[in-house]
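Novice: Its first residue numbered 507, the sequence shown is counted upward by one per residue in our numbering. No residue lacks a Cβ here, since even glycine has one placed at the ideal position from N, Cα and C. Sharing a structure below in structure tokens format, with a few things to ask.
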Amino acid sequence: MTTERKWEFAGTRGAVTARTWAADDPWHVVVLVHGYGEHLGRYAHVADALVRYGAVVCGPDHMGHGGSAGERVLIEDVDDVVADVNTVADMARRDHPRLPLVMVGHSMGGLVATRYAQLHGDTLAALVLSGPVLGHWHVVDALLPLDEMPDEPIDTSTLSRDPAVGKAYTDDPLVWHGPYKKPTVKALDTALRRVNAHGSLGDLPTFYMHGAADELVRPRDTRTGIDRVRGTDLTERLYPGARHEIFNETNHEEVLADVTAFIEGVLT
Numbered sequence: 507m508t509t510e511r512k513w514e515f516a517g518t519r520g521a522v523t524a525r526t527w528a529a530d531d532p533w534h535v536v537v538l539v540h541g542y543g544e545h546l547g548r549y550a551h552v553a554d555a556l557v558r559y560g561a562v563v564c565g566p567d568h569m570g571h572g573g574s575a576g577e578r579v580l581i582e583d584v585d586d587v588v589a590d591v592n593t594v595a596d597m598a599r600r601d602h603p604r605l606p607l608v609m610v611g612h613s614m615g616g617l618v619a620t621r622y623a624q625l626h627g628d629t630l631a632a633l634v635l636s637g638p639v640l641g642h643w644h645v646v647d648a649l650l651p652l653d654e655m656p657d658e659p660i661d662t663s664t665l666s667r668d669p670a671v672g673k674a675y676t677d678d679p680l681v682w683h684g685p686y687k688k689p690t691v692k693a694l695d696t697a698l699r700r701v702n703a704h705g706s707l708g709d710l711p712t713f714y715m716h717g718a719a720d721e722l723v724r725p726r727d728t729r730t731g732i733d734r735v736r737g738t739d740l741t742e743r744l745y746p747g748a749r750h751e752i753f754n755e756t757n758h759e760e761v762l763a764d765v766t767a768f769i770e771g772v773l774t
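As structure tokens, then:
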């Protein structure tokens, strides 16, 4: 497994922990953007596959997530998360000024990455969205009207057909296992509306990939968002039977091969 380097910077709402994995002779940079309640450490195998393909891979633990500071899973404005991702991307561009930059966002990270692309798309060579929260999210729709957030743990069987993935998620102390915070739900709703209203990603090459059997972030809901933001260069792939975390699915090698093939097709 590729060696991971942890580092820290002053984020918009406190100290942010970031990670970097690097190839010896890289030809592109990938910024990874993780999902709600988790942390970037869960993507070490994704980073390893990308590094073996010649990438410098980096990304933050979002505010209130993983090793970063802040009340757990509290996000009051998704644009603050975008700003922290932008800090990591800026540092990567400074360290590797001649290398093209690709962003890969999963789930809520797909929402963050899409918003980043809307604001800073001229800095990106390509965008990859894995099971992204776009359009509308039935979880937000259900929680938004409630005064109290139900303390119901995620059904880990929705993550992957591999039961070991759910067990590792449950046993991970850096994963949040408590209820949503109401300000976070409101922030996600605002961000979804903001991204929908902003619209097209223009000519940015974009790869949208989703598990066809994802019941945590439903493809039919995401479809409404993809139709709002799609530009002139969209590639799509649905994986039959796959659930939410396609990078942790039983066919994850196929998924990662599709990502690297897409990157190669865009950058070469």
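Taking contact to mean 3 or more Cβ pairs, one atom from each stretch, closer than 8 Å, check whether the region 568 to 585 and the region 690 to 703 are in contact.
Specialist: Yes, since at least three Cβ pairs between the region 568 to 585 and the region 690 to 703 fall closer than 8 Å, the two stretches touch.
Novice: For R489 versus L665, is the C-beta distance shorter than 9 Å?
Specialist: Because the chain spans 507 through 774 in this model, residue 489 falls outside it and cannot be assessed.
Novice: Measuring only the C-alpha atoms, how far is R511 from R525?
Specialist: Going from the Cα of R511 to the Cα of R525 covers about 6 Å.
Novice: Taking the alpha-carbon of M460 as reference, which of T696, L722, Y745 and G576 has the nearest alpha-carbon?
Specialist: Outside the modelled stretch of the chain, which goes from 507 to 774, sits residue 460, for which no answer is possible.
Novice: Provide the residue(s) that pair with G717 in DSSP beta bridges, ordered along the chain.
Specialist: Answer is Y745.
Novice: Are there three or more Cβ pairs, one per stretch, closer than 8 Å when the region 621 to 629 is compared with the region 658 to 674?
Specialist: No contact exists between the region 621 to 629 and the region 658 to 674.
Novice: CB-CB under 7 Å to T774, same chain, minus the five flanking residues each way: which ones, in chain order?
Specialist: Result list for T774: empty, nothing under 7 Å.
Novice: Contact check, A595 vs V537 under 8 Å by CB: the rounded distance?
Specialist: Yes, A595 and V537 are in contact; Cβ-Cβ is about 5 Å, under 8 Å.
Novice: Where do the ends of the beta strand (DSSP E) carrying L633 lie?
Specialist: First-last of the beta strand (DSSP E) with L633: A632 to S636.
Novice: Once the 5 residues before and after P711 are set aside, which same chain residues still bring their CB inside 6 Å of it?
Specialist: Excluding sequence neighbours, P711 sits near A632, D739 and V772.
Novice: Please look up how many angstroms separate the CB atoms of I752 and S613, rounded, as I've assumed it's under 8 Å.
Specialist: The pair is not a contact, with the Cβ atoms about 10 Å apart (cut-off 8 Å).
Novice: Suppose the cutoff is 6 Å on Cβ atoms and the five residues either side in sequence are ignored; what does the same chain contact list for E544 look like?
Specialist: Once the five neighbours on either side are set aside, the close Cβ partners of E544 are V681.
Novice: Going residue by residue through the region 593 to 657, where are the continuous beta strand (DSSP E) segments of at least 3 residues, counting only ones entirely within it?
Specialist: Fully enclosed beta strand (DSSP E) runs of 3 or longer: 607 to 612 and 632 to 636.
Novice: In this structure, does DSSP put H534 in helix, strand or coil?
Specialist: In the structure shown, H534 sits in a strand (DSSP, three-state: E or B).
Novice: Quick one: give me the first and last residue of the alpha helix (DSSP H) that G466 is part of.
Specialist: Any question about residue 466 goes unanswered here, given that the chain covers just 507 to 774.
Novice: Is S574 buried or exposed, if buried means 16 or more other CB atoms sit within 10 Å of its CB?
Specialist: That one is buried.
Novice: Would you say L762 and V552 are within 9 Å of each other, going by their C-beta atoms?
Specialist: Result yes, Cβ atoms of L762 and V552 sit closer than 9 Å.
Novice: How about A529 and A561: do their beta carbons lie closer than 9 Å?
Specialist: The answer is yes: Cβ separation under 9 Å.
Novice: Would you identify the three-state DSSP class for E544, choosing helix, strand or coil?
Specialist: Three-state result, E544: coil.
Novice: DSSP three-state label for L698, please.
Specialist: Of the three classes helix, strand and coil, the one that applies to L698 here is helix, per DSSP.
Novice: So the candidates are E577, G615 and L707; which of them puts its Cα closest to the Cα of P685?
Specialist: With distances taken between Cα atoms, P685 lies closest to E577.
Novice: Considering only residues of the same chain and omitting the five flanking positions on each side of D727, which have a CB-CB separation below 7 Å?
Specialist: The residues are G641, H642, W643 and H644.
Novice: In whole angstroms, give me the CA-to-CA distance for V584 and H534.
Specialist: Cα-Cα distance, rounded: 27 Å.
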